[in-house]
Amino acid sequence: MGDDPDPSQNSVDEGTNTGTWRHLTDLCHPAYATLEEGPLVARTPTKPATIVSVANQKGGVAKTTSVASLGAAFAEQGKRVLLVDLDAQACLTFSLGVDPDEVGSSINEVLLGRASIADVRVACDDGVDLVPSVIDLAGAEAQLLPRPGREYILRTVLEEVRGEYDVILLDCSPSLGVLTLNALTASQALIIPMPCEMLSHRGVGQLLDTVTDVQKILNKDLVVWGILPTLFDGRSNHAREVLADVGERYDLPVLDPPIPKTVRFAEAPAVGRSILATSRNSKGAKAYRDVATALAKKL
1 MGDDPDPSQN SVDEGTNTGT WRHLTDLCHP AYATLEEGPL VARTPTKPAT
51 IVSVANQKGG VAKTTSVASL GAAFAEQGKR VLLVDLDAQA CLTFSLGVDP
101 DEVGSSINEV LLGRASIADV RVACDDGVDL VPSVIDLAGA EAQLLPRPGR
151 EYILRTVLEE VRGEYDVILL DCSPSLGVLT LNALTASQAL IIPMPCEMLS
201 HRGVGQLLDT VTDVQKILNK DLVVWGILPT LFDGRSNHAR EVLADVGERY
251 DLPVLDPPIP KTVRFAEAPA VGRSILATSR NSKGAKAYRD VATALAKKL
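In case it helps, full-length UniProt numbering puts the sequence shown at residues 1 to 299.
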């Protein structure tokens, strides 16, 4: 809030997004766009990608915004980045300018064994690759439930492309179902975005209980990198109090700096880009760059 960056530095050439905007969704707000698949640039990383889940069972915590923005920030650093949309609402897919109605195959087909990651990924304008989601993913959990080893399916398919990337970010669904368990089982690290509001604490404890179970049974290598404070209003005493309390409450690192509340985040998805492209010099873009710089040391 209060950002008023130079428009000449923050504009986006909407012509770089192929396709036409079709309609707004009440749920996610960004406009649909069609993005044609092109050849993905190959570069061999020095080691397999670090897989990071971004999860919180509560909605409205800037989870998808964080995945898109951190992905763009890592790409700016020259890293090869893959984003995976594991939410049937497909908000990450919308936000990056991809129309699910035009997607031939998605993460749904990958999880059900009908396609590979390489078959479905698309290159996006922010310099990242995306495995898109569609509404059909809502039914995938029921189909996965009776399968032996269902919690390991995502880990197995990601291993096929892990050597092609430096970092893979998983945008988890706001639940603790089979898809989120798959994400936690596949990941080396977890980031928990949490708004600086007292009620946002609800559900974090249950998520951490699930993480503990995953560490004991499914993935002993999973590490919680920390809580990412979002929607932070530095003018609010309440927000500052929550920020001061959150690390002690959960005995977890608090990633710095907190992500500020700004209208720029709502504007970015309308052109299928992250805030790092649409408002490069805004406080929100700078905050995500700073967080990504700190996290890059862990990759």
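Glycine included, each C-beta is placed from N, C-alpha and C at the ideal position.
Being a predicted model, the structure only gives us computed values, none of them experimental.
Length of the line joining the Cα atoms of ASN108 and ASN237: As a first step, residue 108 must be located in the sequence shown, where it is residue number 108. As a first step, residue 237 must be located in the sequence shown, where it is residue number 237. Spanning the two alpha carbons is a distance of roughly 43 Å.
Can you grab the Cα-Cα spacing for the pair ALA244 / VAL54, in whole Å? Residue numbering aside, residue 244 sits at position 244 when the sequence shown is read from its first letter. Residue numbering aside, residue 54 sits at position 54 when the sequence shown is read from its first letter. Cα to Cα, ALA244 sits roughly 22 Å from VAL54.
Hey, how far is the Cα of GLY113 from the Cα of ALA239? As a first step, residue 113 is located in the sequence shown; it is residue number 113 there, counting from the start. As a first step, residue 239 is located in the sequence shown; it is residue number 239 there, counting from the start. Looking at the two C-alpha atoms, the distance is approximately 45 Å.
Would DSSP call PRO258 helix, strand or coil? Counting from 1 along the sequence shown, the entry for residue 258 is found at position 258. Looking at PRO258 - three-state DSSP - the assignment turns out to be coil, as it is neither helix nor strand.
Excluding the five sequence neighbours on either side, which residues of its own chain have a C-beta within less than 6 Å of the C-beta of ILE227, listed in chain order? To locate residue 227, count along the sequence shown from 1; it is residue 227. Closer than 6 Å at the Cβ level, and outside the excluded window around ILE227, lie ILE192, MET194, VAL246, LEU252, VAL254.
Expressed to the nearest angstrom, what Euclidean distance is found between the alpha-carbon atoms of LEU154 and ASP221? Within the sequence shown, the letter at position 154 stands for residue 154. Within the sequence shown, the letter at position 221 stands for residue 221. Spanning the two alpha carbons is a distance of roughly 16 Å.
What do you reckon, are the CB atoms on PRO167 and ALA277 nearer than 7 Å? On the sequence shown, residue 167 is found 167 positions in, with the first residue counted as 1. On the sequence shown, residue 277 is found 277 positions in, with the first residue counted as 1. At residue 167 the sequence reads Val, which differs from the Pro that was named. Not in contact: VAL167 and ALA277 (Cβ atoms no closer than 7 Å).
Tell me the rounded alpha-carbon separation between ALA75 and THR46. Taking the sequence shown and counting its residues from 1, the one referred to as residue 75 is at position 75. Taking the sequence shown and counting its residues from 1, the one referred to as residue 46 is at position 46. Spanning the two alpha carbons is a distance of roughly 16 Å.
In this structure, does DSSP put ASP171 in helix, strand or coil? On the sequence shown, position 171 is the one that residue 171 refers to. Three-state result, ASP171: strand.
Pull up the distance between the alpha-carbon of HIS29 and that of VAL81, whole angstroms please. One-based indexing of the sequence shown puts residue 29 at position 29. One-based indexing of the sequence shown puts residue 81 at position 81. Residue placement at HIS29 cannot be trusted, given a pLDDT of 37 that sits under 50; what the coordinates show is reported in the next sentence. Roughly 25 Å between the two C-alpha positions.
Kindly indicate which three-state DSSP category ASP129 falls into: helix, strand or coil? Numbered from its first residue, the sequence shown carries residue 129 at position 129. The answer is strand: DSSP assigns ASP129 an E or B state.
I want to know whether the region 123-133 touches the region 88-104 - three or more CB-CB distances under 8 Å. yes
Local Cβ density within 10 Å of ARG249, reported as buried at 16 or more and exposed below that: For the purposes of this step, residue 249 is taken as the residue at position 249 of the sequence shown. It counts as exposed.
When LEU83, GLN206, SER187, ASN182 are compared against GLY149, the one with the closest alpha-carbon: Residue mapping note: residue 149 aligns to position 149 of the sequence shown, counting from 1. Per the Cα distances, ASN182.
Can you tell which of ASP87, VAL271, LEU158 has its C-alpha closest to the C-alpha of GLN188? What you label residue 188 is simply residue 188 of the sequence shown in a count that begins at 1. Nearest option by C-alpha distance: LEU158.
Run through DSSP, which three-state label would ASP85 get? Indexing the sequence shown from 1 puts residue 85 at position 85. Of the three classes helix, strand and coil, the one that applies to ASP85 here is strand, per DSSP.
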